[in-house]
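See structure below.
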Ligand SMILES: [Zn+2]
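In my numbering, the protein residues as written are 749 to 1207.
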């Protein structure tokens, strides 16, 4: 998240603008610029969620497409929807073909009353047409149950799917038995799981920000980093802000009632649960969520072009903010975009080039650094973070901006980074290609139980 300020480039109405002046009355004066790296503006609060009713309707439409494909084949189904709906032929064709391709894999089509659980590689994709809030709640419940088996690494949702990255390959798991344990559950497991969500899972700090603003406890529109967001839970404990966050979380961000209904319907058979195993590639209906959330969807997309991937990687890396900490004077540079850095970034305060690159652990490292300066005792974890950060700073001092790029790539630690940087590639493309290879190598060979890393992972 970036706060609006004079000089910032952003995108509105499909073109980039520069903020020239922000008036005292709140009026923002802009002029058009050409900047491919301009940001799409964020806003406080959330995107309008896809509600349960709409997602169910999509499920019913999928059912309709599925049965028409079964009876009449692709051309006739396209023709039907082109007439039945206000869409053109291309639109109807794309929609119908997506489902036809899905059917070709042998996978059942997920509908309003059919959940498809797809097992692919180390992923479990639950195709569930229940909308954003219900999927987050149901997904969270399943995650809780998976976590009790120590099986889950990460999970994500969208209005139509829940995606889990497991610690084991699904080919080595009894997926049928697992799905029974996750979805065909008794009331005791259900209520116990929901209780755990309420007490341990809901990101209350996140909800607290908006409420604290309304209460006037913090300034409106403040940009809050992830670290500070977490501290809200402690800051506002035992206050009405905390209570209100719990109330709002249950009202707007979780739907326990619908999840109870769904579990009952699965038990009674009113909702069917089907398992599908995907071998080489995921189903077309699973691909959107994998592409969005998984670190290297390139691995699964056979048609992917390397050139295009490298281009996307460069754009993504150069427009994302990182934090820099000066190892000479301790000055902390918050949210600097790599694309805007000079070839050899310097500390704004002391001009040193000994800068380390930090992501979500930035504040922990900053605090550890200042503890060390004050000669206070450091925890093992803090000492490790500092050593690692110093290695990165050494690389930035020598190689400049390229070292910042390297250290922002997923799976590239200081050791790998120094090997790649030492090659002194002639072109940016060769350099990015080496980084990309390193990332792929990491993703495909790392042990599944690897700990999350305390460094920025932008790409
Ligand atoms: Zn400095």
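Every residue, glycine too, gets a C-beta built ideally from N, C-alpha and C.
Open item on the list: Using a Cβ distance threshold of 8 Å, determine whether the stretch 810-821 contacts the stretch 919-930, with at least three qualifying pairs required.
Closed with: no
- [ ] Using a threshold of 8 Å, state whether the C-beta atoms of residue 903 and residue 893 are closer than that.
- [x] no
- [ ] For residue 1182, count neighbouring Cβ atoms within 10 angstroms of its own Cβ and tell me buried if that reaches 16, exposed if not.
- [x] buried
Task: residue 1084 - partner residues in DSSP beta bridges - done: 1070
- [ ] Could you tell me whether the stretch 1082-1094 touches the stretch 1117-1135, using the rule of 3 or more Cβ pairs below 8 Å?
- [x] no
Open item on the list: Going by beta-carbon coordinates alone, are residue 844 and residue 825 separated by less than 8 Å?
Closed with: yes
- [ ] Reducing DSSP to helix, strand and coil, say where residue 935 ends up.
- [x] helix
Task: Neighbourhood of ligand 1 [Cβ distance below 5 Å to any heavy atom], ordered by chain position - done: 1074, 1076, 1077, 1079, 1095, 1097, 1098 and 1100
Task: Cβ neighbours of residue 731 in the same chain (closer than 8 Å, five flanking residues each side left out) - done: No answer is possible for residue 731: the residues shown for the chain start at 749 and end at 1207.
TODO: Compare the Cα-Cα distances from residue 887 to each of 1010, 1091, 842 and 1101 and report the closest residue.
DONE: 1010
Open item on the list: Measuring alpha carbon to alpha carbon, tell me which residue in 991, 1128, 936 and 864 is nearest residue 1008.
Closed with: 936
TODO: Use the C-beta contact count for residue 1206: other C-beta atoms within 10 angstroms, 16 or more gives buried, fewer gives exposed.
DONE: Any reading at residue 1206 must be qualified, since the residue scores a pLDDT of 45, below 50, and its modelled position is unreliable; no value is offered.
Open item on the list: Let's see if you can read the secondary structure: which residues bound the alpha helix (DSSP H) around residue 991?
Closed with: 988-996
TODO: Round the Cβ separation of residue 996 and residue 954 to the nearest angstrom and send it over; I've been treating them as touching at under 8 Å.
DONE: Not a contact, Cβ separation roughly 11 Å.
Task: Three-way DSSP call (helix, strand, coil) for residue 909 in this model - done: strand
Open item on the list: For residue 1156, report the span of its alpha helix (DSSP H) as first-last.
Closed with: Careful: residue 1156 lies outside any alpha helix (DSSP H) and carries neither H nor E.
TODO: With residue 1105 as the anchor, note down where its beta strand (DSSP E) starts and where it stops.
DONE: 1103-1106
Task: Outcome for residue 745 when other beta-carbon atoms lying within 10 angstroms are tallied against a minimum of 16 - done: Outside the shown range of the chain (749 to 1207) lies residue 745, about which nothing can therefore be said.
Task: Sufficient close CB pairs (3 or more, under 8 Å) joining the stretch 1121-1132 to the stretch 1066-1073 - done: no
Task: Burial state of residue 898 (16 or more Cβ within 10 Å) - done: exposed
TODO: Pick helix, strand or coil for residue 1056, following the three-state DSSP scheme.
DONE: helix
Open item on the list: Once DSSP output is grouped into helix, strand and coil, what is the label at residue 757?
Closed with: strand
TODO: With DSSP as the reference, label residue 1187 as helix, strand or coil.
DONE: helix
Task: Under the three-state DSSP convention, the category residue 794 falls into - done: Only weak support exists for where residue 794 lies, its pLDDT of 42 falling under 50; the coordinates are left without a value.
Open item on the list: Given this structure, state the Cα-to-Cα distance separating residue 1021 from residue 1133, to the nearest angstrom.
Closed with: 45 Å
Open item on the list: Does the structure place the stretch 1135-1150 close enough to the stretch 1161-1171 that three or more beta carbon pairs sit under 8 Å?
Closed with: yes
Task: Same chain, Cβ closer than 8 Å to residue 776, neighbours up to 5 away in sequence not counted - done: 752, 767, 769 and 770
TODO: Examine ligand 2 and report whether any of its heavy atoms sits within less than 7 Å of the Cβ of residue 1171.
DONE: The model depicted lacks ligand 2 and carries ligand 1 instead.
TODO: Report, in whole angstroms, the separation of the C-beta atoms of residue 1141 and residue 1188, which I expect to be a contact under 8 Å.
DONE: Residue 1141 to residue 1188, Cβ: 27 Å. No contact.
Task: Through-space distance from residue 916 to residue 815, alpha-carbon basis - done: 35 Å
- [ ] Round the Cβ separation of residue 881 and residue 1002 to the nearest angstrom and send it over; I've been treating them as touching at under 8 Å.
- [x] 7 Å
Task: Selection from 850, 1157 and 823 that minimises the alpha carbon distance to residue 1063 - done: 1157
Task: Contacting residues, own chain, Cβ-Cβ under 6 Å from residue 799 (five flanking each side not counted) - done: 879
- [ ] Sort 838, 875, 855 and 828 by Cα distance to residue 701 and report the nearest one.
- [x] Nothing about residue 701 can be reported from this structure: the residues present for the chain run from 749 to 1207 only.
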